[in-house]
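In the working numbering, the protein residues as written are 11 to 675.
No residue lacks a Cβ here, since even glycine has one placed at the ideal position from N, Cα and C.
Here the structure is a predicted model, which is why all the values come from computation and not from measurement.
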């Protein structure tokens, strides 16, 4: 009886899965066109799945092994089941691998069931709670019906009642595994996820050591193109595909600083809202954590309706989008490699460029950038007042230098002027041939772009590129990770290609070359805060730590450090839009510092310095790496040997007298 039923059941499930796949693809294709290499993407999919994606999954060893057993067992069992029980091919030979695959899947499903007994808060529940049972039903039924095939049980074992019961269990498993995969069950991520990896919006992310973090430019010359994303169908089709690949694991939710602070953002919920909008409907069936203080069931939309409505019900509230610090913690943690930040900025672009709807001081900052080329609205001619006594060489005078020192808009901030003076002292101690643009330098455009004002960003970028093209230099060095990122990763699309170094990387290079010498560290315990735009955006974690090690400092690492560092709350224009929450992000970060017992937190970003120093009752001093290096500089005596040993005769390096000037905007 099973010999007759099995092919019917298997190919019926496959037919329904194909119909569902066509329907699903039509949903994705509502999005705008996107150029992808179909054949190359499909060919690269196995490696992207088995290597690139698995590197992220493998951060949780237990779930990594569970995924290997469950997913690997399912893929092998499904293919072999079709061959053995659907087509009747090589049953005696292929039956044994089918037994092994279904058994491995069953073992994996036991671990899934264990995890679902008391799931972490970040995991979605609802339909996901039935997934372990469905996995067990499929794997166990396939295992049992295969036993007679390999001769372990006699052919025709059991009655027709047993055969029907076994077929019913198999139908349950087939329904979840095949039908649900394309029609919208918990297994949907397996189908959408595989194609998402093949047709990813950023294929350059794949490959060992690769990363792609720069925002993609809008074509502002195309008068017919919409400026940003207003409706779900305004996303590209492969972005919609990426949203549909979400497995609702909640890793993004657990890492999001805005969610932890009680602001109205949950990256997992945001992605699921985009799926709701793509298919049409409401979020009433969402079974995960809501946006803080926003009940489930209040949001609805459809493919061609507004994501953020000025009046009435919409998919997302504007304050949800403005809560994001663009720290990329969600993207870094996502096992499906979904690009949350790209989507958020795309939606911000529409709100800013089409509606002029930027909250807080956003509109004022954008107006300042347009009028004065800096977000504070300061007199552009006062950019070099802080360095009146330093006699910094200007590019317009020298024309050529080894290093172009990019100062950034920290020149208008008295606290960051101390960092810049320290960096100048370090460069001069190392004998670096450097120069600055002076008043020719403009804001890099980072904050304008993150606030969605692509037009102002491109205007600033193109003028900076035109200025830089007049001079010759080998590299750009800056102490601002935001400028570092934009100059190095986002100017290229507009014609500006430069070798850009963060000051910590360059200082580490100078030390290794024997051009800097330090007195031994005599301070207290130190921890280090990884800036998002240096670490997650650009993968630089070691250079700052190497510099601190060269100073004789043993870093007391925070629990959340490296690629899991907690954001300071200063990125993405968040301090400007200032969306309220239950607590402040920098306060949470300083609590992380407090847990280490460190007396000092070393930083490498002006934004991080400002945010962390703004914490009331902080237990640790905040200092930039350049300041620590400048304080430790010593000159070597003429009779000391080479190398960076600690036996040299210390000769303090002189520093110019500080001049601090108030600058009126």
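Could you give the DSSP three-state label for residue i: helix, strand or coil?
i           : result
residue 488 : strand
residue 605 : helix
residue 512 : strand
residue 127 : helix
residue 299 : coil
residue 233 : coil
residue 445 : strand
residue 42  : strand
residue 405 : helix
residue 570 : coil
residue 185 : helix
residue 310 : strand
residue 292 : strand
residue 483 : strand
residue 681 : For the chain, the structure presents residues 11 to 675; residue 681 sits outside this window and is missing.
residue 209 : coil
residue 286 : helix
Any heavy atom of the ligand SAH closer than 6 Å to the CB of residue i?
i           : result
residue 320 : Among the components of this structure there are no ligands whatsoever, and the ligand SAH is therefore not found.
Under DSSP, the beta strand (DSSP E) around residue i begins and ends at which residues?
i           : result
residue 416 : 410 to 416
residue 633 : 631 to 634
residue 537 : 536 to 538
residue 610 : 610 to 613
Which residues in the same chain have their Cβ closer than 7 Å to the Cβ of residue i, if we skip the five residues on either side of it in sequence?
i           : result
residue 314 : 241, 243
residue 565 : 536, 537, 538, 555, 558
residue 199 : 255, 256, 257, 346
residue 30  : 189, 192, 193
residue 453 : 379, 383, 384, 385, 419, 470
residue 376 : 368, 458, 461, 463, 466
residue 19  : 177, 180, 181, 184
residue 126 : 139, 142
Closer than 6 Å by C-beta to residue i: which residues in its own chain qualify, once you throw out the five before and the five after it? Chain order, please.
i           : result
residue 245 : 41, 239
residue 444 : 411, 413, 415, 437
residue 715 : No information on residue 715 is available, as it lies outside the stretch 11 to 675 that the chain covers here.
residue 325 : 283, 287, 309, 311, 317
residue 344 : 262
residue 474 : 452
Between which two residues does the alpha helix (DSSP H) carrying residue i extend?
i           : result
residue 64  : 64 to 67
residue 47  : Note, residue 47: premise wrong, no alpha helix (DSSP H); not H, not E.
residue 427 : 424 to 439
residue 419 : That residue, residue 419, is in no alpha helix (DSSP H); it is neither H nor E in DSSP.
residue 377 : 372 to 382
residue 247 : 247 to 254
residue 346 : Segment: none, residue 346 is in no alpha helix (DSSP H) and carries neither H nor E.
Can you give me the C-alpha to C-alpha distance between residue i and residue j, rounded to a whole angstrom?
i           : j           : result
residue 5   : residue 221 : This structure gives no information on residue 5, because the portion of the chain shown stretches from 11 to 675.
residue 217 : residue 342 : 15 Å
residue 515 : residue 292 : 48 Å
residue 347 : residue 69  : 14 Å
residue 51  : residue 251 : 14 Å
residue 517 : residue 631 : 22 Å
residue 210 : residue 349 : 9 Å
residue 560 : residue 301 : 44 Å
residue 605 : residue 611 : 12 Å
residue 27  : residue 190 : 8 Å
residue 573 : residue 66  : 11 Å
residue 94  : residue 159 : 9 Å
residue 182 : residue 174 : 12 Å
residue 408 : residue 480 : 11 Å
residue 634 : residue 491 : 12 Å
residue 276 : residue 332 : 12 Å
residue 510 : residue 486 : 5 Å
residue 15  : residue 137 : 28 Å
residue 205 : residue 54  : 11 Å
residue 571 : residue 545 : 10 Å
residue 619 : residue 449 : 24 Å
residue 497 : residue 321 : 39 Å
Determine, using beta carbons only, whether residue i and residue j come nearer to each other than 7 Å.
i           : j           : result
residue 87  : residue 123 : no
residue 265 : residue 339 : yes
residue 639 : residue 527 : no
residue 621 : residue 590 : no
residue 523 : residue 642 : no
residue 298 : residue 362 : no
residue 294 : residue 307 : yes
residue 116 : residue 151 : no
residue 147 : residue 118 : no
Below 8 Å CB to CB, which residues in the same chain sit around residue i once its five sequence neighbours on both sides are set aside?
i           : result
residue 271 : 579, 591, 592, 593, 594, 595, 598
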